[in-house]
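Chains as they are written, first to last, in the working numbering: chain A, 463 to 722; chain B, 5 to 275.
C-beta atoms are modelled at their ideal positions from N, C-alpha and C, and glycine is treated no differently.
Note that the structure is a prediction, hence the values are computed from the model and not measured.
As structure tokens, the structure follows; a few thoughts come after it.
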């Protein structure tokens, strides 16, 4: 068996205002796996991701990515193997043109200009956004912004992709496109989300967080059909696994009054 | 907040104009920047009562406006927006300086009015030159030019980010003000104290966003320097543009050809 790519052990974190976000979280992710992290608001999903991205340092416990321990000395090296997609693409696209933005990471790695150009165009091609390369980020639609933000991370060819709510505020068609795109990825994916239907499509494994602790960790198919467990974590079954209100008649509403 | 609503489309106009193609648009941004700076220095360096010598300088914005195929109405609208600032600077001159300087027929014109007119003319010339520069170059290309000309990086990065997030900030402010208007009735809820807390809210949100942007930058290896990959190249037309305008502007500044020009035009006119 190969060694796991990401190892988190007994990770704890409290924010400066005294609020504890993580009470000892441990899990491992193998190379090429797709893991969903789900949980209520404030359960610690984003805090966990921020640690994996090297934006926060563990106050207790440890994080290892590709055998590299997360600490101040290793930060820049660790960030090369990890790509983070932030929840709001506006926070992530800060350069004047799409091309510059996707090139930002590779240029910072000190790659030669030709190499950067090639990486940028490749990353844009993967997300189907080549035609946007000379546009300005603030003029893109929500779906386009998300695609470009993903390209900006892909251009660094990270081993692990971290995503914070990738499907939030996307229209259904853009959401579907994103899911299909992510299905083609071979990188390790760790996705924090409330979109359990996406988890069903994308991630074989699910980690359920609640108040900074792991409530459950296992196969998505099992966890997402466990209504009691999901309710305890302030979640609901994916809509596709719920009874269809039309077929079952369970939620049939009174018919509207005549004459309207 | 109607003002915010209506000024944002104007800003995006700027991007649209900068994307057009014309001989002026194709010039190297550094060349345009240097020429504009020279123009501004020439215009502001005249004596405060100077009026006639300034007039020929109008050739620069007019020629550029035509060559760059920019809509004059757009420049005029933008000029009008900035007029109050120039008025504030010049409006007291006629009050303080009442010595008669000019006679037109029986009308006596004081030095104050002349210097006031001079200020307004300088304002119109310099601001329209700057507007043409931005509208024919684009903000990011201009920042790149600044960086290549040796302006310290932190300033350039500040300018780039300022322009990028201006739109986000205006959006945010707009949402806040709509939310307030929604629940304010008959002037209640529109008091200054509410505006203060709205502004405080905006500041807090901005600080939060700055933090998130910084994290996103760090995740992609930001080390304090923003590198733009674009290559700039100075060609023959760039050299010609810079030397041509430098010669013309310096001639207008130091040879004072205004009277001669005036006489020449006067001779051409049918008497």
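Between residue 513 of chain A and residue 675 of chain A, the CB-CB gap reaches or exceeds 8 Å. Taking the C-beta atoms as reference points, residue 35 of chain B is found nearer than 8 Å to residue 242 of chain B. Using a CB distance cut-off of 8 Å, residue 207 of chain B does not count as an interface residue toward chain A.
Contact annotation, residue 641 of chain A with residue 663 of chain A: C-beta distance approximately 5 Å; criterion of less than 8 Å satisfied. Closer than 8 Å to the CB of residue 570 of chain A there is at least one CB belonging to chain B. The residue from A/678, A/677, A/607, A/527 with its alpha-carbon nearest to that of residue 559 of chain A is A/607. Taken in chain order, the whole beta strand (DSSP E) runs of length 3 or more contained in the segment 519-559 of chain A are 522-527, 544-547.
Here DSSP, grouped into helix, strand and coil, assigns residue 642 of chain A to helix. About 18 Å separates the beta carbon of residue 612 of chain A from that of residue 499 of chain A, a gap too long to meet the 8 Å contact definition. Residue 474 of chain A: member of the beta strand (DSSP E) spanning 468-476, first to last residue. For residue 228 of chain B, no Cβ of chain A is located within less than 8 Å of the residue's own Cβ.
Closest by C-alpha distance to residue 670 of chain A, out of A/468, A/493, A/566, A/508, is A/508.
Residue-level contact check: residue 578 of chain A touches chain B, since one or more beta carbons of chain B fall below 8 Å from its beta carbon.
Fewer than three beta-carbon pairs drawn from the segment 475-485 of chain A and the segment 532-546 of chain A are found closer than 8 Å, and the two stretches are therefore not classed as touching.
Straight-line spacing of the CA atoms in residue 532 of chain A and residue 660 of chain A works out to 29 Å. The C-alpha of residue 697 of chain A lies about 31 Å from the C-alpha of residue 208 of chain B. The C-beta distance from residue 518 of chain A to residue 475 of chain A rounds to 6 Å, short enough to fall under 8 Å. When Cβ-Cβ separations below 8 Å define contact, residue 159 of chain B makes no contact with chain A. The closest CA to that of residue 561 of chain A, considering only A/644, A/682, A/495, A/617, is found on A/617. The continuous alpha helix (DSSP H) containing residue 508 of chain A extends over residues 507-514. If only complete runs of 3 or more residues are kept, the segment 85-164 of chain B shows the beta strand (DSSP E) at 104-108, 111-114, in order along the chain.
In this structure, the CA atom of residue 596 of chain A is about 23 Å from the CA atom of residue 632 of chain A. The beta carbon of residue 113 of chain B sits closer than 8 Å to those of 104, 105, 106, 107, all from its chain and outside the five residues before and after it, given in chain order. Residue 575 of chain A is classed as exposed because its beta carbon has fewer than 16 other beta carbons within 10 Å across all chains shown. In terms of beta-carbon proximity, residue 138 of chain B stays away from the interface with chain A, with every pair separated by 8 Å or more. When DSSP states are grouped into helix, strand and coil, residue 654 of chain A belongs to the strand group. Close partners of residue 46 of chain B in chain A (Cβ separation under 8 Å) are lacking, with about 30 Å as the shortest Cβ gap. When Cβ-Cβ separations below 8 Å define contact, residue 17 of chain B makes no contact with chain A.
With a threshold of 8 Å between beta carbons, residue 603 of chain A makes no contact with chain B. Per the C-alpha coordinates, the member of A/651, A/524, A/569 positioned closest to residue 470 of chain A is A/524.
Note that the C-beta distance between residue 21 of chain B and residue 139 of chain B is below 8 Å.
In the three-state DSSP reduction, residue 631 of chain A falls in the coil class, being neither helix nor strand. DSSP assignment within the segment 50-78 of chain B yields the following whole alpha helix (DSSP H) runs of 4 residues or more, N-terminal first: 63-71.
Between residue 651 of chain A and chain B, the shortest Cβ-Cβ separation is not below 8 Å. As DSSP reads the structure, residue 487 of chain A sits in a beta bridge with A/473. Per DSSP, residue 671 of chain A lies in no alpha helix (DSSP H) segment; the continuous beta strand (DSSP E) that holds it begins and ends at 667-672.
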